[in-house]
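As given, the protein sequences belong to chains W and E, one line each in that order. Every letter in the first sequence is one number past the one before it in the working numbering, and letter 19, counting from 1, is 19. So the working numbering is basically just the index in the second sequence, starting at one, shifted up by 1000. Contents: one structure, followed by commentary.
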Amino acid sequence: MTGSLPTPVLEARGITKRYGRVTAIEGSDLQLYPGEILAVIGDNGAGKSSLIKALSGAVIPDSGEIYLDGERVHFRNPMDARAAGIETVYQTLAVAPGLDIADNLFLGREERKPGVLGKVFRMLDKAHMRTEARRHMNELGVATLQNIGQAVESLSGGQRQAVAVARSAAFGSKVVILDEPTAALGVKEGNRVLQLIRDVRDRGLPVILISHNMPHVFEVADRIHIQRLGRRATVITPTSHSMSEAVAIMTGAAEPPPHAA
Amino acid sequence: MTVTKEATPPTPDFEVRQHDSLGLRLQHLLHGNPTLGPLAVLIVAILAFSVANTRFFSAPNLSLVLAQVTVIAVLALGQTLIILTAGIDLSVGAIAVFSSILMATFATRMGLPGILALLLGLVAGTAMGALNGFLVTRIKLPPFIVTLGTLSIFFSLNAVVSNSETVRGSDMPGLMTWTGTTIPIGGFRLTYGSIIMLLLFAVFFYALSSTAWGRHVYATGDDLEAARLAGIRTNRVLFSVYTVAGLLYAIGAWILIGRLASASPNVGVDYNLDSITAVVLGGTSLFGGRGGVLGTLIGALIVGVFRNGLQLAGVEVVWQGFAIGLLVLVAVSLDQWIRKVKS
C-alpha cells in the first residue's frame, strides 16, 4: 500500500492462464479503486479478455490471486462472481433475443410469487419483475423504451446495450465489468452508452471498461490499464498521456513509463 | 405540366410502400403470435374437409381424429421441449415403443401388478431420455447424432426383449389398456388417454410460460452461450429437458397400449417424423427459442385432420404423405421468413 490509496475494490495479482501451449496471460496484475472507471486497453492477444474472464469467473486462472475488498476470492463460474457482486456485460451481450426486456433483466435470477403459488407451483411474479425492470431502466435514464414487454431482438444495438448495462448496474453491488460496450454502435448511441457508464460510476459502482475505441476510453476513463503481451505494461491517466502515446505503449513502439498508480 | 410530372411518381411509390408495410405487418403479427398461422391453417382445413365430405364434421369422426392424434401429440410435446432448446430427438419413437413393450413384458411375462409394471415402464422411458441428456450435456455430442444412435439401440433392444412378438391387451392388467377407455360426452367419445394428453399440455404450457425453468428453456435455445453467461446452468436445463421428454414418451407409450389394445414392437417407425412434423407445423422454430406447446397441439391436430380429411375425401393413402410433406415445407419456409423480422 502506497500512501493515500484506499484498498482496491477488486485486485488481481499474478494471474496466469494457459490454453494448451498458448499462454494468454502471464503474471498479470490489476487494481480497481472505489468510484473509478478503469479502462483496460491492449492489442489483440494481449490478454485483456482472459484477464477479464478470470475476474468475472468465466475462466479459472492456472495461478494467481483475486481479492475483492481485500479478501481473497475463488470464482469457479460466473455465478460465483455475480454472487460476490461482480456483474459483467460481455461483448456478445449475453441477452436472449427472443425474451423481452423484463425477462432479460431478470434472466437467471427470476423472482417467484410469494406464498403457495411461488413455493409449490413455482409461479413467476411477472408483474413485480416488470415494475422493477421499468424502475431500473428509468433510474439510468433509459426511458426511451416504450414497452418493457418488448422482445430484445426488436431493439437497436444501443438499446440492447442499455438493457445489458442496466442489468449489471441493477444487480452489481461491487463492480461492473463492460466488455467493448460501444463496439457495434453508431456515434450517437455510443455516446449515450458512455453517459450510461458515467451514471453507473456516479451511483457509486466502480467500472472496468474494456475497449478498443481510444476516443471513448480517453473520454470516460479515470485511469487506463495498458495490457501488453499477457502482462500489465503500465497504468496511465487521460491527462498524463496522449492517445498516440497510449497506442505506442500498447503496440510496443514506446517503452512503458514506470507505473505510478 | 410540372405539376402532373411531380404528381405521378409518388403514386406507385406510395403503393409499393403500402404493400410492403402490409407484408411487414403480417410478419410482425406472426412473429409476436406464432400460433396464429397454424390456427388459421387448422380452421381452414376443418372448413374445407367439412365441405368436401359431410361425414367429416360429425361427432364420431371428430372423436376418431382426436383419438388418432393423442399419442403423436404427447410425443410431440416432448419433442417440442427439445426443439425449443435447438435440439432434435430422433429416438422418440424408439423410446415410446420400447417403453410400451417393457410395460407389457413386466405385466405379463414377469407377472408384476399393473401399477408396478406401469411405474417401471415410466422409469425406463425417463432413464432413456436421461441417457440422451447425459450424452448431449456431458459427452457434448450433437443431439442429432446422439438420438440417431439411441434410436438404433432402443429399437434393437426392443426387438430382443419382445422377441418381435405383439402382446395382446387382453393378456395385460386392466390398468395398461385403461387409457383407451372412452367416456361419452354427447355423441363425442373422449378417451382417458386424450384427457391425460390435454392435461399434460396444460401443465407444460404453464411450466414454459410461468416458471423460471420455462424462461431458461427458451433462453438456452435462443442463445446457449448468452444464457450460460447470464448465469443459467444450461447443462442442467438441457439434461432436464431430455429427461422430462423421456417421461412424456413413456406416458405416450401407456396411451399407445390403450389405443392399440396391445403392445407391438413393430409400430412407431413413423413417430419420429410425425412428432417433428407436428412441432414444426405448430410454429416452433427448429433453430430453438421460439414457439410453444400450444402450437404443437394445433400442429398435431393439423396432421390428424389432414390424414383423416383426405381419406374421407377419397384421396389415396400414398398422396396423404405428399400433402403432409408439402405442409411441412411451407411451415418451415414461413418460419424462416418470420425470423427475418426487422424492427
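In this text, a Cβ means the ideal position worked out from N, Cα and C, and glycines have one as well.
Query	Result
Rounded Cβ spacing between L185(W) and V193(W) (contact assumed at less than 8 Å)	6 Å
Residue-level contact to chain E via CB, D103(W), 8 Å cutoff	yes
Nearest-angstrom beta carbon gap, T1035(E) and G1295(E) [assumed within contact, 8 Å]	4 Å
Three-state class that DSSP yields for I1399(E) in the structure shown	The requested residue 1399(E) is not part of the displayed model; chain E covers only 1001 to 1343.
Neighbourhood of V1332(E) by C-beta, 8 Å cutoff - its chain only, sequence neighbours within 5 removed	V1280, L1286
Inter-residue spacing [alpha-carbon to alpha-carbon] between K119(W) and R134(W)	25 Å
Length at least 4, wholly inside the stretch 60 to 95 of chain W: the alpha helix (DSSP H) runs in chain order	78 to 83
Residue-chain proximity (R201(W), chain E), Cβ-Cβ < 8 Å	no
DSSP beta-bridge partners of S1262(E)	R1168(E)
Residue range of the alpha helix (DSSP H) that includes H241(W)	Per DSSP, H241(W) belongs to no alpha helix (DSSP H) and is neither H nor E.
Cβ shell of A170(W) (< 7 Å), same chain only, five flanking positions each side left out	L105, H136
Segments of 4+ residues assigned as alpha helix (DSSP H) that fall wholly inside the stretch 1079 to 1159 of chain E	1092 to 1107, 1114 to 1137
Outcome for T1126(E) when other beta-carbon atoms lying within 10 angstroms are tallied against a minimum of 16	buried
Cβ pair L1301(E), L1042(E) closer than 8 Å	yes
C-alpha distance - W1178(E) paired with N1132(E), whole-angstrom precision	29 Å
Through-space distance from I1232(E) to L1198(E), alpha-carbon basis	30 Å
Bridge-paired residues (DSSP) for P1184(E)	R1189(E)
Inter-stretch contact at 8 Å, needing at least 3 Cβ pairs: the stretch 195 to 209 of chain W / the stretch 37 to 47 of chain W	yes
Per-residue contacts from R122(W) into chain E (C-beta, under 9 Å)	A1207, S1210, T1211, A1212, W1213
Pick from V1065(E), V1123(E), V1161(E), D1089(E) that is closest to T1108(E), judged by C-alpha positions	V1161(E)
Residue range of the unbroken beta strand (DSSP E) whose run includes R19(W)	One detail in the question is off: residue 19(W) reads as Tyr in this sequence, not Arg. Start and end: 10 to 19.
Proximity to D262(W) [Cα-Cα], best of P34(W), E189(W), D29(W), V200(W)	Residue 262(W) is absent from the structure shown; chain W starts at 1 and stops at 261.
Whole-Å CB distance - S1240(E) paired with R1168(E), under 8 Å assumed	Wrong, their Cβ atoms sit about 36 Å apart, outside the cutoff.
Coil, strand or helix - G27(W) by DSSP	strand
Test: A96(W) CB closer than 8 Å to a CB of chain E	yes
Cross-chain neighbours of G108(W) in chain E, by beta carbon under 7 Å	A1230, G1231, I1232
Secondary structure of G1246(E), DSSP reduced to three states	helix
Bridge partners - G42(W), DSSP secondary structure assignment	Q227(W)
Option nearest L1047(E) by Cα separation, candidates F1306(E), T1284(E), G1314(E)	F1306(E)
Identity of the residue in A24(W), G14(W), Q31(W), R21(W) nearest I6(W) by Cα	The sequence shown places Pro at residue 6(W), not Ile. Of A24(W), G14(W), Q31(W), R21(W), the residue nearest in Cα terms is Q31(W).
I66(W) versus V9(W) - alpha carbon distance	11 Å
Short-range partners of chain W found in the stretch 1277 to 1308 of chain E, where Cβ spacing is below 8 Å	G1289, R1290
Length of the line joining the Cα atoms of I197(W) and V95(W)	18 Å
Where Y1218(E) meets chain W, residues with beta-carbon distance less than 8 Å	A96, G98, L99
8 Å contact criterion, which V1237(E) and H1216(E) should meet: CB distance rounded	5 Å
At least three beta-carbon pairs within less than 8 Å, the stretch 1172 to 1188 of chain E to the stretch 110 to 118 of chain W	no
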